[in-house]
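Take a look at the structure set out below.
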DNA sequence: ACAAAAGTGTTTCCTATACACCCATGC
DNA sequence: GCATGGGTGTATAGGAAACACTTTTGT
């Protein structure tokens, strides 16, 4: 998905506008990737593209995307060939996301406000494209001490029901001030 | 330092050309940083800047820079206020360099072909802005097994003289093929 | 003689990893 | 009763960090 920037807006603003026009989505995590400037990259006219990647919560936005904007989801394991250098952009986005998710609590953007440990683990397994040991993952996350364990249980995905957690942004922010380094 | 890109060149090519025009330097490590696009960043006209950072070997290029191009070196600990958002660009370059140098053998770009362990350590101390234990650093570097220890000794910096090393690019490349991950 | 840098190993601690069984519930 | 996912702790290995003294030689 792309568009042209206007004279009176920044690249960030243009990216936000374009995403909104094409998907109806606003106020989500977006990050500039890299300026692509090969002279031959667009056969029609000379174009420099500055792609952004966004983290879209599939649970929150699925209907909106599919029904109102005819957008589709593709698995990273099996996505189509894109025009121009857009496959390279996707590759760059994946690498950036992996790096960011390993040093910032960026993954939480992709989960509902309340989530289970399993959801969090499955998300990181998807981002990193590797399976993670259940116990080690929980130990690691707990040792970070930036989640609130809620009283509630979620019973959709399992018979027993599993505790819900919430990312404690205040706690995280105050830890950051004290020099805490997120690392997963 | 900056310049405007031409219609028939890429950003990489423009960055290389501008650096060469201003310093006479060619064929060095350069990397694109980030596209800066605030609408007010340049008060004269709307400008989007895509800065690059370069690794310039101070030993090799000092005279060239100072005498032929009136360029100057500034310490990162005490550098002047720059115009527009250029201080932000420098900050971004430092962070990027720290990251790159920790996962790629990029630091060697800044050393002469033959260098002492002390020089390598001092370089990493400068990049990371922290002191590094002499023995631990040597053990770590040796465990990477990507340097050739030469017979020659360097006697300029010390009475005793210290062994010179050379980065073994062939060995490094073949290790990379085998899945080796540089980490320092 | 002494100043300045080179060179050299071991111990300790901490983090990462590997690993298996019982629990609660819906069907 | 059985299938499904939830929940829990420990032992081991490997890497990171701390640490001090002797050697060489120019002055």
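Chains as they are written, first to last, in the numbering used here: chain A, 1 to 184; chain C, 185 to 368. From the three backbone atoms N, C-alpha and C, an ideal C-beta is built for every residue, glycine too.
Using a Cβ cut-off of 7 Å, pull out every chain C residue sitting near residue 7(A), in sequence order please.
Within chain C, the residues placing a beta-carbon under 7 Å from that of residue 7(A) are 230, ordered along the chain.
Contact list for residue 35(A) against chain C, beta-carbon separation under 7 Å
Neighbours of residue 35(A) on chain C, chain order: 195, 216, 219, 234.
Anyone know if the C-beta pair for residue 348(C) and residue 336(C) falls short of 7 Å?
A contact, by the Cβ cut-off of 7 Å.
Would you be able to state if there are at least three C-beta pairs under 8 Å between the segment 190–203 of chain C and the segment 277–290 of chain C?
No, because fewer than three Cβ pairs between the segment 277–290 of chain C and the segment 190–203 of chain C fall closer than 8 Å, the two stretches do not touch.
Beta bridge counterpart(s) of residue 115(A) as assigned by DSSP:
According to DSSP, residue 115(A) shares a beta bridge with 165(A).
Any Cβ of chain A within less than 7 Å of the Cβ of residue 170(C)?
No answer is possible for residue 170(C): it lies beyond the span of chain C, which begins at 185 and ends at 368.
Nearest-angstrom beta carbon gap, residue 35(A) and residue 219(C) [assumed within contact, 8 Å]
Right, the Cβ-Cβ distance comes to about 5 Å (below 8 Å), so this counts as a contact.
7 Å Cβ cutoff, residue 223(C) in contact with chain A
At least one chain A Cβ lies under 7 Å of residue 223(C).
Grab the span of the alpha helix (DSSP H) containing residue 334(C) for me, first residue to last.
That residue, residue 334(C), is in no alpha helix (DSSP H); its beta strand (DSSP E) goes 331–338.
Following a CB-centred definition, is residue 28(A) positioned closer than 6 Å to any heavy atom of the ligand SAM?
No copy of the ligand SAM appears in this structure; indeed no ligand is present at all.
Assuming residue 211(C) and residue 269(C) make a contact with CB atoms under 8 Å, what is their CB distance in whole Å?
Contact between residue 211(C) and residue 269(C) is absent: CB atoms are separated by about 29 Å, not below the 8 Å threshold.
Quick check on DSSP: helix, strand or coil for residue 54(A)?
Strand, per DSSP.
Taking residue 70(A) as the reference, which of 109(A), 45(A), 22(A), 46(A) has the closest Cα?
Minimum Cα distance to residue 70(A) is reached at 22(A).
Apply the 10 Å Cβ neighbour rule to residue 222(A) and answer buried if 16 or more other Cβ atoms are within range, or exposed otherwise.
This structure does not reach residue 222(A), given that chain A is present from 1 up to 184, and the question cannot be answered.
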